[in-house]
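So the sequence shown is numbered by the working numbering: it starts at 9 and just counts up by one.
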Amino acid sequence: PVVLYCAAGTRSVLAVRSLLELGYANVRWLTGGFGGWKKAGLPWEMPAALRGDQEARYSRHTMLPEVGVVGQVKLLKSKVLCIGAGGLGSPSSMYLAAAGIGTIGMIDDDVVDASNLQRQILHGTDRVGTAKVESAELTLRGLNPDVKVDKHRTRITADNAIELITPYDVIIDGADNFATRYLVNDVALRLGKPVIHASIFRFEGQLTVFPANGSPCYRCLYPQPPPADEAPSCAEAGVLGVLPGVMGVLQATEAIKLLLGLGESLAGRLLVYDALRVKFRELKLRRDPKCPTCGDGVDRTKIPLIDYEQFCAGPKH
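Structure (structure tokens):
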């Protein structure tokens, strides 16, 4: 049947009678109207809507049929956690803020250093010595006051990882060390959270998505951490300043796609970018049935959280 309703249920009765007189059948009204429905404690949901200022801000999103007002409202209700407020966390968080992600969490225990400014565009010269999460909040809120920034000035550890990651829908992994990447992988598997992973080295970047179902996962890609002399940090090996911008923007893109259910994710694929040759390569990632965190027979809800600082500092493999 066609059900008509109004605020109090009066005008809808008159409308139904008029339709019946015109020959329409199977037309009903909602007794008591919308107000009566609410008063009875029945479920209801406000339709997706944007404020006037938001309509202008997000107009280039809402005109996309794949996004629309409903999609934009969903982004405004979403929560994304950025592991690191550095090279990758800068562009990814800034584009997420511009897109209207409602809550962005930033985890970083470091302060802004002059050597960061060549690539970490969240921060400026006047913020050298400032906590990175404080600097990040200033930048992100300046970009978009709709965004709430959760500041976590701490290192993510086995003791606090579950508490930190639980509230968020998507995790952006911009960590610069293997210990943190392994830990984020394990916690995300336990909690069923998707992770968008990227890494950078000199002139090359890598990107993939580890889906909420966790297969394949980071341990499938790197069963063991490489020796330290084969995986130097940016401080030791250097990095082209614009490279994290490319990879971080791609991370933000994948996050928005996941949140809105758009397109095809990079799950099961590793995208490798060579900045010197301006080439992208795609490698197939396969789940390792013997993987200790997502392999056959593993209860992901009971994955132990270990001290990866010690694990990654162990014997060379």
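Ideal Cβ positions, reconstructed from N, Cα and C, are used throughout, including at glycine.
- The residue from 60, 88 and 279 with its alpha-carbon nearest to that of residue 77 is 60.
- DSSP places residue 128 outside both helix and strand once states are collapsed to three, so it counts as coil.
- Counted as a single uninterrupted DSSP element, the alpha helix (DSSP H) harbouring residue 42 occupies residues 41–47.
- A Cβ-Cβ distance of about 5 Å is found for the pair residue 227 and residue 299, placing them in contact under the 8 Å criterion.
- Following the DSSP letters along the chain, one finds residue 255 inside the alpha helix (DSSP H) bounded by residues 251–268.
- Just so you know, the alpha carbons of residue 304 and residue 295 end up roughly 10 Å apart.
- From the listed residues 67, 26 and 171, the smallest Cα separation to residue 35 is found for 26.
- No Cβ-Cβ contact shorter than 7 Å links residue 160 with residue 109.
- Between residue 127 and the set 180, 229, 254 and 40, the nearest pair of CA atoms involves 254.
- The residue among 20, 196 and 112 with its C-alpha nearest the C-alpha of residue 170 is 196.
- Going by beta carbons, residue 204 and residue 247 fall outside the 7 Å limit.
- Between residue 105 and residue 168 the beta-carbon gap is near 24 Å, outside 8 Å, which marks them as no contact.
- With contacts defined as CB atoms closer than 7 Å, residue 280 and residue 214 qualify as a contacting pair.
- Per DSSP, residue 207 is one residue of the beta strand (DSSP E) stretching across 203–209.
- Taking one beta carbon from each stretch, the segment 30–45 and the segment 10–19 have 3 or more pairs nearer than 8 Å; the two touch.
- When the five nearest sequence neighbours on each side are left out, the beta carbons in the same chain lying within less than 6 Å of the beta carbon of residue 79 are those of 268, in order along the chain.
- Pairing residue 130 with residue 98 gives a Cβ-Cβ distance under 7 Å.
- Contact annotation: residue 166 and residue 313 have beta-carbon atoms nearer than 7 Å.
- Residue 281: member of the beta strand (DSSP E) spanning 277–282, first to last residue.
- Annotated three-state conformation of residue 83 is helix, per DSSP.
- In the DSSP assignment, the residues bridged to residue 139 are 119.
- When only Cα atoms are considered, residue 193 and residue 297 end up about 16 Å apart.
- Taking C-beta atoms as the reference points, residue 157 and residue 148 count as a pair closer than 7 Å.
- A direct Cα-Cα distance of roughly 10 Å separates residue 229 from residue 218.
- Here residue 114 carries a strand assignment [DSSP, helix/strand/coil].
- By the criterion of a C-beta distance shorter than 6 Å, residue 202 is surrounded in its chain by 178, 219, 220 and 266, once the five residues flanking it on both sides are discounted.
- Our two residues, residue 84 and residue 30, have alpha carbons roughly 44 Å apart in a direct line.
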